[in-house]
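Take 19 as the starting number for the sequence shown in our numbering and just add one per residue.
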Amino acid sequence: MRKTVLALIIALIALAAWQYKLQKTANQQLLIAEQRVKDVVSAGTNDLDFKDLTELRKLPANIPDIPNLKSLNARGTNLSDLTGLEGNATLERLDVNMTRVSDLSPLNGLPNLKLVYLHDTWVSDVSPLATLPSLERLDIGNTQIETLVPVLQIENLNWLNLHNSHALDGSGEQFAILQERPFLQLSGGSGFRQNYQPGWQYNMMQHLSRLREKLGL
19 MRKTVLALII ALIALAAWQY KLQKTANQQL LIAEQRVKDV VSAGTNDLDF KDLTELRKLP
79 ANIPDIPNLK SLNARGTNLS DLTGLEGNAT LERLDVNMTR VSDLSPLNGL PNLKLVYLHD
139 TWVSDVSPLA TLPSLERLDI GNTQIETLVP VLQIENLNWL NLHNSHALDG SGEQFAILQE
199 RPFLQLSGGS GFRQNYQPGW QYNMMQHLSR LREKLGL
């Protein structure tokens, strides 16, 4: 029993040390991201690229300092929060593929956002996307969403990737409606076509997988 307790204590200490190291790296990369924003402002450019900052967890607070931000690329990072993009009137392209982003509410009503890439993210509620009047291209591949209903409300959508995705409500009827749109190019969607709804086992495995990601395991 004492050996088991000792082994558990050692494991917890090792985990805490690993978490400290990850947080330290994340803080260092946030400083790099802040400097990158300053460089963009100084250069008078409008594209921001963070994809090499793989441990970045949040956007730098000085992003609003860029007066005409057009493109933001944070794919493959540990980004989980889009705070800082609220009310951005110039952003046209957002790539957060392969991140831990789950809340899209900071994107509400952005007037010029045309391309949104959310492949392999933690997004489930896509309703903020229905408030984007200029949205033309959307990637929600490899993502479990609540429903496709908000996607039906995106009037200017002309390309949609649903490869390896599904909805909690199946959304088979909504997918059929999307298939009938003559100017919409659909990629994937077999899960919606079959009206697939994941069971509790799938959801439990997903939660465990995300917990491991959060812990850096």
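C-beta: ideal position from N, C-alpha, C; glycine also. Here the structure is a predicted model, which means the values were calculated and not measured.
Review point. In angstroms, rounded to a whole number, what distance separates the CA positions of Lys42 and Lys76?
Key: 14 Å
Under DSSP, the alpha helix (DSSP H) around Leu170 begins and ends at which residues? 167-170
Subject >> Integer Cβ distance of Leu153 from Val134, believed to fall under 8 Å >> reply: 6 Å
Cβ-Cβ separation, Val55 to Glu48 (assumed contact under 8 Å), whole Å = Before going further, note that residue 48 is Leu rather than Glu in the sequence given. No, Leu48 and Val55 are not in contact; Cβ-Cβ is about 11 Å, not under 8 Å.
Taking all protein chains shown into account, do 16 or more other C-beta atoms lie within 10 angstroms of the C-beta of Asp249, making it buried, or fewer, making it exposed? Because the chain in this structure spans residues 19 to 235, residue 249 falls outside the shown range and cannot be described.
Can you have a look at Asp138 and say buried or exposed, based on whether 16 or more other CB atoms are within 10 angstroms of its CB? buried
>> Along the chain, where does the beta strand (DSSP E) containing Gln203 start, and where does it finish?
In response: 203-206
Could you tell me which residues DSSP puts in a beta bridge with His137? BP columns for His137 are empty, so no partner.
Check your understanding: Roughly how many whole angstroms lie between the Cα atoms of Asp121 and Asn64?
Key -> 24 Å
CA-to-CA distance, Tyr214 to Gln171, given in whole angstroms
22 Å
Taking only three categories from DSSP, how would you classify Lys76?
strand
>> If I measure Cβ to Cβ from Asn115 and keep anything under 8 Å in the same chain, skipping five residues before and after, which residues do I get?
In response: Arg93, Gly94, Tyr135, Leu136, His137, Asp138, Thr139, Asp157
| query | What are the start and end residues of each continuous beta strand (DSSP E) run of 3 or more residues lying completely inside the region 43-76, in chain order? | reply | 65-67
ask   = Leaving out the 5 sequence neighbours to the left and right, which residues in its chain are closer than 6 Å to Ser189 when beta-carbon positions are compared?
value = Thr165, Leu166, Phe210
Inset, instruction - Inspect the beta-carbon positions of Pro168 and Ser145 and report whether they are closer than 8 Å. - result: yes
Among residues of its own chain, excluding the 5 on either side of Gln203, which ones have a beta-carbon nearer than 6 Å to its beta-carbon? Trp177
Can you tell me where the alpha helix (DSSP H) holding Leu196 begins and where it ends?
190-197
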